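Enquirer:
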Amino acid sequence: MNADTHTAELAFQSIASLGKLLSSGSITSRGLTGLYLQRIAQHNPKLNVYLTVLTEQALAAADAADQRRRSGLERGALDGIPIAIKDNIDVAGVATTAGIEARRNVVAVRDATIITKLRSAGAVILGKLNMHEAAHGATTANEAYGFCHNPHRVGFTPGGSSGGSGAALAAGLCAGALGTDTLGSIRIPASFCGIAGLKPTQGLVSTHGVVPLSWTLDHVGPMARSVADLGLLLEVLAGPDAADSFSRVVPQHAQASFHTPPSLRGLRIGRLRDLNAFAADTVHPDITSAYERALTQLAALGATIIDVALAGYQHNAIRPKAMLVIEADLAVFYAKALEQNPLGFTQIFQEGIAFGQQQTAPKLAAAFEMIRSVRPIAITLFAEVDALATPTTPCPAFGFKETMPKTLTAFTAFANYVGAPAVSVPMGLTNDTLPMGLQIMARPWADATALNIAAAYESTTNHALQPVMR
1 MNADTHTAEL AFQSIASLGK LLSSGSITSR GLTGLYLQRI AQHNPKLNVY
51 LTVLTEQALA AADAADQRRR SGLERGALDG IPIAIKDNID VAGVATTAGI
101 EARRNVVAVR DATIITKLRS AGAVILGKLN MHEAAHGATT ANEAYGFCHN
151 PHRVGFTPGG SSGGSGAALA AGLCAGALGT DTLGSIRIPA SFCGIAGLKP
201 TQGLVSTHGV VPLSWTLDHV GPMARSVADL GLLLEVLAGP DAADSFSRVV
251 PQHAQASFHT PPSLRGLRIG RLRDLNAFAA DTVHPDITSA YERALTQLAA
301 LGATIIDVAL AGYQHNAIRP KAMLVIEADL AVFYAKALEQ NPLGFTQIFQ
351 EGIAFGQQQT APKLAAAFEM IRSVRPIAIT LFAEVDALAT PTTPCPAFGF
401 KETMPKTLTA FTAFANYVGA PAVSVPMGLT NDTLPMGLQI MARPWADATA
451 LNIAAAYEST TNHALQPVMR
């Protein structure tokens, strides 16, 4: 493969593979960036993934990366790699819409902390990605900017709220992406689109410069085509930030490397005894079968599989309390904008804000206490096991005309309540050829453990799920 030959297959390469090609001179960052820009022009009209494409900025950054490489000043694994950004993350000089009509012309004055880190690493920022309005939903059925479609099946949701990030990766329209996650908004699109996504430990990655959904539950994390790529992105994104009140210095014991271990021997991985009971709904039978096969593969890698039940945790009881907290936060953050431009918000979003405005202090205190009650359950869980394996979602992607299951976050929300790291990795296709995801959750600050288990599983499968489109 030479620097002037860019096939569709190149657009689906991992960041690690692209980095090797760049370092060897087989390709240039400008050529690679140009390929993604061509693919965006070709596929975005159908998928509606990008809200803003930064063509000139991206090409200039790619040229700078190529010049550094020619001068022997390569900055690392992300130098010259094209990355796309969810549109609730500030990129200086570009509108940060957060998927909201009222923010169409709200231009960021400065980069979010994580964008500064990406630029310092030499990453090329391709543009801003579609998302669910205000990140307040899981379908990316955006009324203001248009629905974002799943590349595996147009007319189906890519998940949300980071649906544009998942769809862009699945369609080969970027090499990596950033998403945000409050109850599952990175991992649900990762599962529905057949890519990998990480919600890190809360406090590991700064949220400064990110439009909030919920100050207490929000996380920012990487999305990519492989678990190894998640590790490469996380190494750049992680670190304390004085501008973020939730940011924490990484404990010494947590500063482990991300790799693909040859064996999981010595690790204890939890298996949910009853998926349907945990999800409070019937889990799709293909997902149940794939989950059992995944556990068998993890055991074959040397892990000890232990049945767990998470006694006392009831998703359907806690989720309404989490939504109360989220919508109270929204009511505070958007009060002025809603007063100035009510037509800039959808009716359903306005109803959510109105609900948040009506909540009393005792109700909020009770909601916070119920969320905090999950932490002792997590402590008990991680005294028994090193990680918990679950399906990422109880169902595969569904059509926009179908009703979203209320249990969609049944497997993902737990990690947000306790601030624990959780990775979604492809788990194959349903009989109807829709992607499925396996989630690996570890104790807080054990991000390396979650990534390493997911990488080991990924290495034994052939679940690099590319849609039919090329």
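Per the numbering used here, residue 1 is the first one in the sequence shown, and the count goes up by one each step.
By construction, the Cβ of each residue, glycine as well, lies at the ideal position given by its N, Cα and C atoms.
Fair warning: this is a prediction, and the values are worked out from it, not measured in the lab.
1) If contacts are defined as beta-carbon pairs under 8 Å, then residue 130 and residue 164 qualify, I think. What distance do you get, rounded to the angstrom?
2) Decide yes or no for the touch test of the stretch 286-293 against the stretch 332-351: beta carbon pairs closer than 8 Å, at least 3 of them.
3) For a test of the three-state rule: what should DSSP assign to residue 460, helix, strand or coil?
4) What first and last residue would you give for the beta strand (DSSP E) that runs through residue 390?
5) With 16 as the cutoff for other CB atoms within 10 Å, does residue 88 come out buried or exposed?
6) Around the C-beta of residue 253, are 16 or more other C-beta atoms found within 10 angstroms, so that it is buried, or is it exposed?
7) Within its chain, find whatever has a CB closer than 7 Å to the CB of residue 55; leave out the 5 residues flanking it on each side and keep chain order.
8) Mind checking who residue 52 pairs with in its DSSP beta bridge?
9) Contact between the stretch 94-114 and the stretch 64-73 is defined here as three or more beta-carbon pairs at a separation below 8 Å; is this criterion met?
10) How about residue 241 and residue 208: do their beta carbons lie closer than 8 Å?
11) Unbroken alpha helix (DSSP H) runs of length 4 or more, entirely within the stretch 139-181: which are they?
12) What separation, rounded to the nearest whole angstrom, lies between the Cα atoms of residue 452 and residue 258?
13) Excluding five sequence neighbours on each side, which residues of the same chain lie with their C-beta closer than 6 Å to the C-beta of residue 143?
14) Using C-beta distances below 6 Å, list every residue in its chain close to residue 92, excluding the 5 sequence neighbours before and after it, in chain order.
15) Residues in the same chain with beta-carbon distance under 6 Å from residue 149, minus the five sequence neighbours each way, listed in chain order, please.
16) Bridge partners of residue 271, per DSSP?
17) Is DSSP giving residue 78 helix, strand or coil here?
18) May I have the straight-line CA-CA distance separating residue 381 from residue 273, to the nearest angstrom?
19) Quick check on the burial criterion: 16 or more other C-beta atoms within 10 angstroms. Buried or exposed for residue 220?
20) Looking at residue 315 and residue 433, is the spacing between their C-beta atoms short of 8 Å?
21) Counting Cβ pairs, one atom from each stretch, are 3 or more of them under 8 Å apart for the stretch 319-337 and the stretch 372-391?
22) Compare the C-alpha of residue 18 against each of 312, 59, 83 and 70 and name the closest.
23) Mind the definition here: the stretch 23-34 touches the stretch 195-204 only if three or more C-beta pairs lie below 8 Å; say whether that holds.
24) Starting from residue 370, trace the alpha helix (DSSP H) both ways and give me its first and last residue.
25) Count the other C-beta atoms from every protein chain shown that fall within 10 angstroms of the C-beta of residue 185, then say buried if there are 16 or more, exposed otherwise.
26) In the DSSP assignment, find the alpha helix (DSSP H) that holds residue 190 and state where it starts and stops.
27) Taking 8 Å as the limit between beta carbons, can you name the residues of its chain near residue 300, skipping five residues before and five after?
Expert: The relevant details are as follows:
1) 4 Å
2) no
3) coil
4) 387-391
5) buried
6) exposed
7) 37
8) 128
9) no
10) yes
11) 163-170
12) 6 Å
13) 346
14) 108, 110 and 111
15) 47
16) 307 and 389
17) coil
18) 13 Å
19) buried
20) no
21) no
22) 83
23) no
24) 361-372
25) buried
26) 187-193
27) 460
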